Amino acid sequence: MIPDILEIIKTELTKGTTVEGHPFRLCAMATVGINHTARIRTVVLRDVDENLNLTFYTDKRTKKITHIRENKNVSLLFYHPGIRTQLRIEGFAMIEENESVIQDLWSKIHKDAQKDYTSAEAPGTKIGDPDFITHLEDEHYFTVIRVLSQKIDYFELKPKKHVRAAFSFEDGYKWNGTFLVP
Ligand SMILES: Cc1cc2nc3c(=O)[nH]c(=O)nc-3n(C[C@H](O)[C@H](O)[C@H](O)COP(=O)(O)O)c2cc1C
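Just so you know, full-length UniProt numbering puts 175 at position 175 of the sequence shown, and the rest follows in order with no gaps.
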């Protein structure tokens, strides 16, 4: 049943943010780069809301932020080897603008992990030695990406009969789905 598949998607994505070692903790995020090239990288899923909108953290100087400001279309790829299930999610990415929300999330990040967002030079800058990166003391470049999920393609690889389903988020509040030929 289609509602059961949607429930699996919600449950497994939520586990990605709460259960240590869950494969949906990580996904590949694709943005549209300059010259319309696809640009892809691994990111950590931080939060999932009831509409399956997703939250990610990053340094505001990264290329993905530049891409999203130019083109809000993003795609995400999740794979769970235990249940041989792939999720492909398409959505619109927004950069969180509420500074107090950003500061609140920042204050909850462990001191060691905060260093991911405080390098003196921007991510992607050429350096001579990875052991000598300077970090800012009182400044950071932490920011939050929200992906408003619009479409989900679900594919479960089974020995005899694969299961594929497509969902779209409609009227701003509901997911409609259908099974597809795998
Ligand atoms: C396991 C793993 C998890 C990562 N998680 C994040 C993340 O949550 N946010 C992030 O911005 N980069 C993360 N990165 C680094 C990105 O994959 C990427 O290299 C970096 O953000 C620069 O990407 P960009 O220049 O294309 O924006 C992670 C890398 C690995 C290997």
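C-beta: ideal position from N, C-alpha, C; glycine also. Just so we're clear, the structure is a prediction, and the values are computed from it rather than from any experiment.
Host beta strand (DSSP E) of I152 (start-end): Looking at the DSSP string, the run of the beta strand (DSSP E) that includes I152 is F142 to E156.
Who does F169 pair with in a DSSP beta bridge? Paired residues: W175.
For the beta strand (DSSP E) holding G33, just list the boundary residues, first then last. Counted as a single uninterrupted DSSP element, the stretch harbouring G33 is not any beta strand (DSSP E), since DSSP gives it neither H nor E.
Nearest to I9 (by Cα), restricted to the options L87, F56, L45 and T31: Taking only the C-alpha atoms, the option nearest I9 is L87.
Kindly list the residues whose CB is nearer than 8 Å to the CB of D47, restricted to its own chain and excluding five residues on each side of it in sequence; keep chain order. So the qualifying residues of the chain are T17, L54 and T55.
Hey, is the region 151-171 in contact with the region 134-142, meaning 3+ C-beta pairs nearer than 8 Å? Not touching, per the Cβ criterion.
So that I know if they touch, is there some Cβ in chain B lying closer than 8 Å to that of F169? In the displayed structure, chain B is absent; only one protein chain is listed.
Other residues of its chain near R61: CB distance less than 7 Å, five sequence neighbours each side excluded: For R61, the CB contacts under 7 Å within the same chain, skipping 5 residues up- and downstream, are A122, P123 and Y141 in chain order.
Pairwise C-alpha distance: I5 and E137: Going by C-alpha positions, E137 is about 46 Å away from I5.
Out of curiosity, what's the CA-to-CA distance linking A38 and I89? Each residue's alpha carbon lies about 15 Å from the other.
I109 (DSSP reduced to helix, strand or coil): Shown here, I109 sits in coil according to DSSP, grouped into three states, outside any helix or strand.
Following a CB-centred definition, is F179 positioned closer than 7 Å to any heavy atom of ligand 1? Relative to ligand 1, even the nearest heavy atom lies 7 Å or more away from the CB of F179.
Proximity to S168 [Cα-Cα], best of V43, N51, I65 and P130: Nearest C-alpha to S168: N51.
T143 Cβ short of 7 Å to ligand 1 heavy atom set: Using a cutoff of 7 Å, the CB of T143 does not count as near ligand 1, since none of the ligand's heavy atoms is closer than that.
Would you say T18 touches ligand 1, meaning its beta carbon is less than 7 Å from a heavy atom? No - ligand 1 has no heavy atom lying nearer than 7 Å to the Cβ of T18.
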